[in-house]
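**Student:** I'd like to ask some things about the structure below.
In the numbering used here, the protein residues as written are 493 to 843.
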């Protein structure tokens, strides 16, 4: 794997539309990405619109309750077929009423016989690769991609070892946000806690962010951070509970998985580029079924505060790198080694 040492990626890569086009093609269309959870499509006939990078996607549970994913684009003139979520016996494009089965087959189109269009076998919705880990749904536009298990590495085992049964968790809520920053800046910000003591006083009052306690590990497509709570935690979040340590993972290119110490909990969501200088994120929050409302409210408020601080940070960084007067930055070899690993993965994918 290539290495960039202590130099960052060229800062022009954070604003250049040509770089993003290449990233969409060679990264976001070739890697597994979290797109939602089983509760988004709970029963036969359920559908939910989502996206994989710049690819519109739709999750569907067919008549046999098989979970499927398709490119959410009509084969006729390219309209988005489904928006939002709901339940349907078929999927019908709102533009010209081309109608698809829940298995993706084109069933009918107005005037099909009159126009002499009879062979519909090749006009079904385009399938996407779909696999699950517990209730978590991952999609990959590359039908020949390696299995999801190789991509996840040992993250499921790490979370199980922490005492969390992902299948027993209760879905709580989804938080969505958009950032005026390149998607890589958002991801890189997540991959280091070098900034935590300065920029996240509330987080640092609860978690031990000292370099000897806050551990960093990179392996393949996985980048992980593990931290215990402080010996004397203070502030707005109580880390006491069955889960003894926090663990924070990124699965390349940008699926984020968070576990905080305390009651069993997990949040998961993607970092998705909308434009070279605009990023979309969502996080799905899951908690122990017996978690009390006061603890949940405290945990969500704590995470929202950290998220607000990070939004300000990454947008400030983006304004700096887009100035164009400085070509690149530098990385701290130990404290930012996950950032270096991530940037090396980007270089390798684009090469």
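Virtual Cβ for every residue (Gly too), placed ideally from N, Cα, C. Computed from a prediction, not measured in an experiment: that's the story for all the values here.
To the nearest angstrom, how far is it from the Cα of residue 655 to the Cα of residue 740?
**Tutor:** If I take the Cα positions, the gap works out to 15 Å.
**Student:** Using only the heavy atoms of the ligand FMN, determine whether one of them is closer than 7 Å to the beta carbon of residue 674.
**Tutor:** No copy of the ligand FMN occurs in the structure displayed, which carries no ligand at all.
**Student:** Spell out the partners DSSP gives residue 600 in its beta bridges.
**Tutor:** Answer is 591, bridged to residue 600.
**Student:** Near residue 569, what residues of its chain come up, given a Cβ to Cβ distance below 8 Å and the 5 sequence neighbours on each side ignored?
**Tutor:** If we look at residue 569 and ignore the five residues flanking it on each side, its Cβ neighbours are 587 and 588.
**Student:** Between the C-alpha atoms of residue 620 and residue 704, what's the straight-line distance to the nearest angstrom?
**Tutor:** Computed Cα separation, rounded: 43 Å.
**Student:** Residue 808 to residue 802, Cα distance in whole Å?
**Tutor:** If you take the alpha carbons of residue 808 and residue 802, they lie about 10 Å apart.
**Student:** Can you grab the Cα-Cα spacing for the pair residue 795 / residue 691, in whole Å?
**Tutor:** If you take the alpha carbons of residue 795 and residue 691, they lie about 14 Å apart.
**Student:** Just confirm the distance between the C-beta atoms of residue 738 and residue 719, as a whole number of angstroms; I'd bet it's less than 8 Å.
**Tutor:** Right, their Cβ atoms sit about 5 Å apart.
**Student:** Are the beta-carbon atoms of residue 627 and residue 530 separated by less than 8 Å?
**Tutor:** Their beta carbons are under 8 Å apart, which means residue 627 touches residue 530 by this criterion.
**Student:** Report yes or no: do three or more beta-carbon pairs, one from the stretch 817-825 and one from the stretch 498-505, lie closer than 8 Å?
**Tutor:** Contact holds: three or more Cβ-Cβ distances are below 8 Å.
**Student:** How far does the beta strand (DSSP E) with residue 757 in it reach, from first residue to last?
**Tutor:** Looking at the DSSP string, the run of the beta strand (DSSP E) that includes residue 757 is 757-767.
**Student:** Grab me the residues of residue 650's own chain with a C-beta within less than 7 Å of its C-beta, minus the 5 sequence neighbours each way, in chain order.
**Tutor:** Contacts found: 739.
**Student:** By the 10 Å Cβ neighbour count, where 16 or more other Cβ atoms means buried, how is residue 711 classified, buried or exposed?
**Tutor:** Under this definition residue 711 is an exposed residue.
**Student:** Could you tell me the boundaries of the beta strand (DSSP E) in which residue 548 lies?
**Tutor:** Start and end: 547-553.
**Student:** Identify whether residue 494 lies in helix, strand or coil by the three-state DSSP scheme.
**Tutor:** Note that residue 494 has pLDDT 44, beneath the 50 cutoff, so the model's placement of it is unreliable and no number is given.
**Student:** Rounded to the nearest angstrom, what separates residue 666 and residue 779 at their Cα positions?
**Tutor:** Spanning the two alpha carbons is a distance of roughly 12 Å.
**Student:** By the three-class DSSP mapping on this structure, what secondary structure does residue 529 have?
**Tutor:** Correct three-state label for residue 529: strand.
**Student:** Restricting to Cα atoms, I'd like to know which of 700, 679, 770 and 831 is closest to residue 673.
**Tutor:** Considering only alpha carbons, the answer is 770.
**Student:** Ignore the nearest five residues each way along the sequence and tell me which others in residue 511's own chain have a CB closer than 7 Å to its CB.
**Tutor:** Only 505 meet the Cβ criterion.
**Student:** Rounded to whole angstroms, how far is the Cβ of residue 763 from the Cβ of residue 773, which I believe are closer than 8 Å?
**Tutor:** With a Cβ gap of about 6 Å, residue 763 and residue 773 count as contacting.
**Student:** Do you know offhand how far residue 494's Cα is from residue 515's?
**Tutor:** With a pLDDT of 44 at residue 494, under the threshold of 50, the modelled position of this residue cannot be trusted, and the question is left open.
**Student:** Find the nearest neighbour of residue 782 within the set 734, 747 and 818, judged by alpha-carbon distance.
**Tutor:** The option with the nearest alpha carbon to residue 782 is 734.
**Student:** Residues bridged to residue 624 by DSSP?
**Tutor:** DSSP output for residue 624 lists 629 as bridge partner(s).
**Student:** From the DSSP output, in three-state form, read off residue 826 for me.
**Tutor:** Here residue 826 sits in coil by DSSP.
**Student:** Could you pull out every residue in the same chain whose Cβ sits closer than 6 Å to the Cβ of residue 520, ignoring the five residues on either side in sequence?
**Tutor:** The answer, listed in chain order, is 545.
**Student:** Given 8 Å as the limit, is there contact between the stretch 532-550 and the stretch 634-648, that is, 3 or more CB pairs closer than that?
**Tutor:** Result no; under three Cβ-Cβ pairs closer than 8 Å.
**Student:** Smallest Cα separation from residue 757: which of 652, 827 and 701?
**Tutor:** Among 652, 827 and 701, the Cα nearest to that of residue 757 belongs to 652.
**Student:** What span of residues does the beta strand (DSSP E) with residue 515 cover, start to end?
**Tutor:** Where residue 515 is concerned, there is no enclosing beta strand (DSSP E), although the alpha helix (DSSP H) it sits in stretches over 509-515.
**Student:** What did DSSP end up calling residue 836 once you bin it into helix, strand or coil?
**Tutor:** Residue 836: helix per DSSP, three-state reduction.
**Student:** Where does residue 666 sit, in a helix, a strand or coil, going by DSSP?
**Tutor:** Three-state result, residue 666: strand.
**Student:** Expressed to the nearest angstrom, what Euclidean distance is found between the alpha-carbon atoms of residue 687 and residue 695?
**Tutor:** So the two alpha carbons sit approximately 11 Å from each other.
**Student:** Tell me residue 542's beta-bridge partners as DSSP assigns them.
**Tutor:** Answer by DSSP bridge pairing, in chain order: 549.
**Student:** Considering only C-alpha positions, which residue in the set 555, 603, 527 and 776 is nearest to residue 751?
**Tutor:** Looking at the Cα atoms, 776 is the closest of the given residues.
**Student:** Near residue 566, what residues of its chain come up, given a Cβ to Cβ distance below 6 Å and the 5 sequence neighbours on each side ignored?
**Tutor:** 573, 585 and 590.
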